[in-house]
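Mind the numbering: the sequence shown is residues 86 to 334 in the numbering used here, read in order.
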Amino acid sequence: MTSIVSYFSSYTFEQVLTIEESDRQFLALKKAWEQINQKVCPLFDTHQVANFFLLMVLQNATISYQIAGSGELWWEEFSERLVQDFSSLFPLFLMRNPTSDWFYNLMTTSRYNKRLYNLKTAKINKFQVGKLYSGTKNMYDYYQDMELLLKELSSIMGMDTSTKTMTFAIKMFGYAARVVYGQFISYPMSINIPVDSRIRKIWSLLDKTSSLSDKDIQISIQKVSKKVGIAPLHLDSLLWIEFWKGVKT
């Protein structure tokens, strides 16, 4: 554990954020938001446009699993299609009409996320009857309280707050909100890292143990997080962007 703490401690928080914001997923959302803003009519409520963008990102995060190709490619594809279809999607959102057909069409024509599209569309439908989509709460409030967002999202989706899908959704929401509001708010220390095959591989190399469960990995990263004073979701980016480069080479 000491060597792991030393590895993370060798990076300043500012360096971690620089690495994080080089993530192609972050850059895809940043580009999409900039392009959507170029399409926005001056009469549009800017808060509603922000809410729309953030809710679409949250929904996409709940179906971003079992994809063909990298997550980076999938999020780039999603972002491009979101910009392309903004003019038809945003009015649906304003009337709180379902956008599940859009997600269905996105997946069935996707290069990277065709698997389980019926099951994933059902997840989108579940999200859209929940309080996040149908409510009037400003999403900035959730950016200020991402623990509350995790709790409410998990309740809507019927999933545990520590699952990979839920914690990943908070990570992507944080990316999108940082871009939308032009303000950095750190992820809460209490929210776990989303453990996938890449993180399992990395952690087995760092911890010199191959038999750890996903829960064990989350607990270990929580301990390291407290020692270095950086939230697990920020350490996630350092692991799978920076450390992963060394693993691949």
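Built from N, CA and C at the ideal position, the CB exists for glycine as well.
Tell me which residues share the same chain as residue i and place their Cβ nearer than 6 Å to its Cβ, disregarding the 5 neighbours each side in the sequence.
i	result
ILE152	TRP159, TYR197 and ASN198
THR246	LEU235 and SER239
Kindly indicate the opening and closing residues of the alpha helix (DSSP H) around residue i.
i	result
LYS208	202-213
ARG285	282-292
SER310	299-313
MET244	First-last for MET244: undefined, no H or E at that position.
LYS199	Looking at the DSSP string, LYS199 is not in any alpha helix (DSSP H), and its letter there is neither H nor E.
LEU45	Any question about residue 45 goes unanswered here, given that the chain covers just 86 to 334.
ASN223	Segment: none, ASN223 is in no alpha helix (DSSP H) and carries neither H nor E.
VAL90	87-94
GLN151	That residue, GLN151, is in no alpha helix (DSSP H); it is neither H nor E in DSSP.
MET192	185-193
GLU119	109-124
With distances taken between CB atoms, is the gap from residue i to residue j smaller than 9 Å?
i	j	result
GLN307	VAL280	no
LEU323	VAL125	no
THR44	ILE278	Nothing in the structure corresponds to residue 44, since the chain is present only between 86 and 334.
PHE178	GLN133	yes
VAL214	PHE111	no
LEU297	ARG285	yes
SER195	GLU162	yes
ASP292	ILE89	yes
Can you tell me the Cβ-Cβ gap for residue i and residue j, rounded? I've got them flagged as a contact below 8 Å.
i	j	result
ALA146	MET224	Not confirmed; about 14 Å, so no contact.
ILE209	LEU234	Going by Cβ atoms, the distance from ILE209 to LEU234 rounds to 18 Å, so no, they are not a contact pair.
ALA261	PHE137	At roughly 11 Å, the Cβ-Cβ gap does not stay under 8 Å, so ALA261 and PHE137 are not in contact.
TRP325	ILE276	In fact, because the Cβ distance is near 16 Å, the residues do not count as touching under 8 Å.
SER149	GLY156	6 Å
MET343	LYS211	Missing from the structure shown is residue 343; the chain here goes from 86 to 334 and no further.
PHE188	GLN120	20 Å between Cβ atoms; not a contact.
Residues in its own chain within less than 8 Å of residue i by CB, not counting five upstream and five downstream?
i	result
ILE259	Contrary to the premise, residue 259 reads as Gly rather than Ile in this sequence. Closer than 8 Å at the Cβ level, and outside the excluded window around GLY259, lie TYR228, MET231, ILE270, TYR272 and LEU318.
SER107	ILE326
TYR266	ALA135, TYR225 and TYR228
ARG181	TYR218 and SER219
GLY154	ARG196 and TYR197
Can you list, in chain order, the residues of its chain whose CB lies under 7 Å from that of residue i, leaving out five sequence neighbours each side?
i	result
LEU167	ALA117 and MET141
PHE104	First, the amino acid is wrong: residue 104 is Ile here, not Phe. Excluding residues within five positions, the ones whose Cβ falls inside 7 Å are SER322, LEU323, ILE326 and GLU327.
Q. Taking one C-beta from the stretch 88-96 and one from the stretch 315-329 each time, how about it: are there three or more such pairs within less than 8 Å?
A. yes
Q: Assess, as a yes-or-no matter, whether the stretch 186-206 is touched by the stretch 235-249 under the definition of 3 or more beta carbon pairs within less than 8 Å.
A: no
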